[in-house]
Amino acid sequence: MPRVVRVGAAQLGPIARNEPREAVVERLCTLLHAAADDGCEFVVYPEAALTAFFPHWYIEDPRELDAYFEKAMPSGPVNRLFREAAERRVGFYLGYAEAAETANGRHHFNSAILVGRDGSIIGKYRKVHLPGVDHVRPELPFQNLERLYFEVGDLGFPVFDAFGGRIGMAICNDRRWPEVYRLMGLQGVELIALGYNTPLFNPDADQSPELRIFHNELCMQAGAYQNATWVVGVAKAGVEEGVHMMAGSCIIKPTGEIVAQCKTSGDELAIADCDLDACNEGKRSEFDLASNRRPELYGALVETG
Ligand code: ING
80 MPRVVRVGAA QLGPIARNEP REAVVERLCT LLHAAADDGC EFVVYPEAAL
130 TAFFPHWYIE DPRELDAYFE KAMPSGPVNR LFREAAERRV GFYLGYAEAA
180 ETANGRHHFN SAILVGRDGS IIGKYRKVHL PGVDHVRPEL PFQNLERLYF
230 EVGDLGFPVF DAFGGRIGMA ICNDRRWPEV YRLMGLQGVE LIALGYNTPL
280 FNPDADQSPE LRIFHNELCM QAGAYQNATW VVGVAKAGVE EGVHMMAGSC
330 IIKPTGEIVA QCKTSGDELA IADCDLDACN EGKRSEFDLA SNRRPELYGA
380 LVETG
């Protein structure tokens with residue numbers, strides 16, 4: 080029985096900083112309905128899919144900052160997304176800002192959840208690789224204050240049994256680090272869902288938009304190929320509160336080839352049938368990690384520098 084999952088990469092255009100959750104959920108549901116009508120079983124939304132990417136500016140008022148965080152998942156208007164997805168038997172990945180109450184107080188993470196076709200939350204991931212800085216850089220046209228607003232994720236890089244296979248998650252900057260894919264590859268991951276909010280302009284390097292887009296695809300294609308896994312990378316794109324963010328949401332097969340890609344910078348679906356058994360060829364040959372890696376030597380290589 081082939082293990083084919085029809086996946087929808089549900090790219091979002093900009094979300095305004097004052098856009099009500101209800102209006103955003105309406106957009107998410109519109110994409111969900113279109114995906115369901117086209118037979119999708121799994122929809123991948125971007126990082127920070129419920130709000131504007133608020134780390135792009137400094138927020139002095141703690142109440143204003145707090146309003147960007149979800150205190151529970153789901154809650155309020157987001158319940159509609161869970162309900163309508165479950166009614167259509169569609170699971171999803173959703174990126175959002177998480178306020179987590181723990182025994183030692185409240186913690187803030189850049190998080191994502193994996194939701195099954197019955198509407199239950201299968202697992203959660205909290206972004207580990209936080210780019211940017213924890214202070215304002217007034218000379219820049221926009222900020223990246225993720226290190227001020229979020230803590231480093233504390234859930235590791237789990238891989239979950241879902242949709243008939245092994246499903247992992249990452250968020251944005253995580254996709255640039257080979258370890259992220261490999262840590263999930265070592266757990267047998269067959270599809271990695273990841274959302275991103277990525278400016279076309281890098282304030283810390285002289286990179287053209289074309290080079291930024293090349294890097295975006297390069298890191299995800301390499302991660303897919305080198306771990307024989309599907310990768311679904313989904314953007315929040317367009318000019319959001321003055322920041323021009325790249326689009327290019329895509330579905331990448333275990334050979335590293337892009338099989339579906341969004342063409343616009345707005346709300347758009349790209350759909351592909353992801354045959355999870357297509358991972359087997361790579362996992363049983365050039366990327367048979369158990370047979371072909373030499374971890375017993377890697378430490379020595381690092382020590383000798
Ligand atoms: N965004 C960016 C990313 O890694 C970034 C951060 C900006 C990196 C500019 C390099 C240059 O795609 C997030 N949200 O991680």
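If you use the working numbering, the sequence shown corresponds to residues 80 to 384, in order.
Glycine residues also receive a C-beta, built at the ideal position from the N, C-alpha and C atoms.
Under the three-state reduction of DSSP, Gln340 is assigned to strand. Look at the beta carbons and you see the stretch 168-183 not touching the stretch 135-143: under three pairs across the two are nearer than 8 angstroms. Restricting attention to Gly274, Val104 and Thr334, the CA atom closest to the CA of Val311 is found in Gly274.
Nearest to Val313 by alpha-carbon distance, out of Gly335, Met299 and Asp213, is Met299. With respect to Lys315, Pro93 sits close: the two C-beta atoms are nearer than 9 angstroms. Runs of the beta strand (DSSP E) lying entirely within the stretch 165-253, each at least 3 residues long, are 170-181, 184-194, 200-205, 238-241 and 244-250 in chain order. Nearest C-alpha to Tyr147 among Gly174, His112 and Ala249: Gly174. Between the ligand ING and the CB of Phe132, the shortest heavy atom gap is smaller than 8 angstroms.
Here Glu163 is near Cys108, since their CB atoms are less than 9 angstroms apart.
Ranked by Cα distance from Met80, the options Thr343, Arg372 and Gly244 are led by Gly244. Across the set Ala303, Glu319, His323 and Leu348, the C-alpha of Ala303 shows the shortest separation from the C-alpha of Ile337.
Here the C-alpha atom of Arg372 lies approximately 10 angstroms from the C-alpha atom of Glu365.
Just so you know, the alpha carbons of Asp197 and Glu105 end up roughly 20 angstroms apart. Secondary structure of Gln90 (DSSP, three-state): strand.
Between the beta-carbon of His323 and that of Pro278 there is about 7 angstroms, and that keeps the pair under the 8 angstroms contact cut. Straight across, the Cα-Cα distance linking Ile192 with Asp285 is about 34 angstroms. Note that the stretch 82-90 touches the stretch 114-128; at least 3 beta-carbon pairs, one per stretch, sit closer than 8 angstroms. For Asp354, the enclosing beta strand (DSSP E) stretches over residues Glu347 to Asp354. Distance from the CA of Ala307 to the CA of Pro374, rounded to the nearest whole angstrom, comes to 18 angstroms. For Tyr304, no beta strand (DSSP E) segment is defined; the enclosing uninterrupted segment is the alpha helix (DSSP H) at Pro288 to Gln305. In terms of Cβ geometry, Met152 and Ile200 form a close pair [threshold 9 angstroms]. When DSSP states are grouped into helix, strand and coil, Ala284 belongs to the coil group. Not one heavy atom of the ligand ING lies closer than 8 angstroms to the C-beta of Tyr228. In chain order, the residues positioned with their C-beta nearer than 5 angstroms to some heavy atom of the ligand ING are Pro210, Cys251, Asn252, Asn276, Thr277 and Asn281. By the criterion of a C-beta distance shorter than 7 angstroms, Pro210 is surrounded in its chain by Asn223, Glu225 and Asn252, once the five residues flanking it on both sides are discounted.
Shown here, Phe121 sits in a strand according to DSSP, grouped into three states. Here the C-alpha atom of Val207 lies approximately 9 angstroms from the C-alpha atom of Phe188.
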